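The UniProt record's numbering numbers the first residue of the sequence shown as 1 and each following residue consecutively.
Where is the CB? At the ideal position from N, CA and C, for every residue including glycine.
Because the structure is a prediction, the values reported are computed rather than measured.
Heads up, the thing below is written out as structure tokens.
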Amino acid sequence: MTGQFTVVPADAPEPDHLHAVFALDNGHELRFRDQRRFGSAEFFADRAAVESEMNAELGPEPFNIDADYFRAAVSGTGRNLKAVLLDQTVVAGVGNIYADEACFRAKLHPGRPGNKLTAGECDALREAVEAVLTRAIESRGSTIRDYVGGSGLRGGFQNEFAVYGRTGEPCPTCAAAVVCARYAGRASHFCPRCQAPEGQKPATGKKKRTTRGK
Numbered sequence: 001m002t003g004q005f006t007v008v009p010a011d012a013p014e015p016d017h018l019h020a021v022f023a024l025d026n027g028h029e030l031r032f033r034d035q036r037r038f039g040s041a042e043f044f045a046d047r048a049a050v051e052s053e054m055n056a057e058l059g060p061e062p063f064n065i066d067a068d069y070f071r072a073a074v075s076g077t078g079r080n081l082k083a084v085l086l087d088q089t090v091v092a093g094v095g096n097i098y099a100d101e102a103c104f105r106a107k108l109h110p111g112r113p114g115n116k117l118t119a120g121e122c123d124a125l126r127e128a129v130e131a132v133l134t135r136a137i138e139s140r141g142s143t144i145r146d147y148v149g150g151s152g153l154r155g156g157f158q159n160e161f162a163v164y165g166r167t168g169e170p171c172p173t174c175a176a177a178v179v180c181a182r183y184a185g186r187a188s189h190f191c192p193r194c195q196a197p198e199g200q201k202p203a204t205g206k207k208k209r210t211t212r213g214k
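Right, here's the structure in full:
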């Protein structure tokens with residue numbers, strides 16, 4: 001996905017692909033650029049109307065998620081973890097990048113069916129989602145192509161990816177080559193050793209090399 005919100009002085013040059021401008025009281029403007037025109041805008045009378053609409057269509061924010069809610073949402077479906085994490089009615093705000101990184105952090109294969117997870121694995125995934133997104137926000141997001149934050153600065157979390165976009169590169173934990181496969185219709189990156197499928201034990205550290213004496 002592309003598109004950016006930026007806050008700039010009202011007299012700043014207008015960039016290409018500018019589709020919406022909101023004048024602010026301090027002489028600045030909130031501008032929305034959308035190169036691929038995937039975005040849309042809706043107007044609401046007040047904050048209560050916005051919250052009502054969001055609560056009806058979106059799941060909870062990925063911070064301080066109720067543990068029982070998350071366990072039920074994940075273990076109550078046979079869909080794979082990638083599909084569950086990308087479902088905005090389950091948890092709002094988790095995209096493809098962060099779903100991959102969260103699964104890696106929790107040492108869970110993105111193709112695992114949700115109803116095959118233990119309560120402990122559900123908790124690990126919930127904690128991983130929050131940790132990954134917290135760190136991404138601290139780093140101003142992830143700039144893969146042209147993303148910038150509200151201040152116009154590029155993100156920095158792309159420099160910390162463990163698996164996303166690193167097909168064939170060594171896993172930072174065990175050095176196995178990162179694999180890419182499609183789950184929920186999206187390219188999904190994972191370590192085949194650390195995120196072993198159900199029934200196989202995940203790796204606990206970097207693989208050691210052995211040499212044979214002559």
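Am I right that residue i and residue j are in contact with their C-beta atoms under 8 Å? What's the rounded C-beta distance?
i: V84; j: G114; result: 5 Å
i: A176; j: P192; result: 6 Å
i: K116; j: Q195; result: Actually they are not in contact, since the Cβ atoms of K116 and Q195 sit about 14 Å apart, beyond 8 Å.
i: G59; j: A92; result: 5 Å
i: F190; j: E101; result: Going by Cβ atoms, the distance from F190 to E101 rounds to 10 Å, so no, they are not a contact pair.
i: H109; j: P197; result: 5 Å
At which residues does the beta strand (DSSP E) containing residue i begin and terminate?
i: F161; result: Taken as a continuous stretch (DSSP letters only), F161 belongs to no beta strand (DSSP E), as it is neither H nor E.
i: C180; result: V179 to Y183
Which two residues bound the contiguous alpha helix (DSSP H) that contains residue i?
i: F63; result: Looking at the DSSP string, F63 is not in any alpha helix (DSSP H), and its letter there is neither H nor E.
i: V129; result: A119 to E138
i: A102; result: N96 to R105
i: A196; result: Element bounds for A196: n/a, residue is neither H nor E.
i: V84; result: L81 to L86
Going by the DSSP bridge assignment, what does residue i pair with across the sheet?
i: V8; result: E29
i: R186; result: Y183
i: L18; result: R33
i: F113; result: The sequence shown places Pro at residue 113, rather than the Phe named in the question. In the DSSP output, where bridge partners are listed per residue, P113 has N80.
i: P13; result: DSSP, once it has assigned bridges, lists no residue as partnering P13.
Entirely within the region 20-54 and at least 4 residues each: give me those alpha helix (DSSP H) ranges in chain order. Qualifying alpha helix (DSSP H) stretches: none in this window.
So, does the region 59-77 touch the region 129-140, judging by three or more C-beta pairs under 8 Å? yes
Assess contact between the region 75-91 and the region 176-187, defined as three or more Cβ pairs (one per stretch) separated by less than 8 Å. Is contact present? yes
Whether or not the region 25-33 and the region 1-14 are in contact is what I'm after, with contact meaning three or more pairs of Cβ atoms, one per stretch, closer than 8 Å; do they touch? yes
Counting Cβ pairs, one atom from each stretch, are 3 or more of them under 8 Å apart for the region 39-51 and the region 8-16? no
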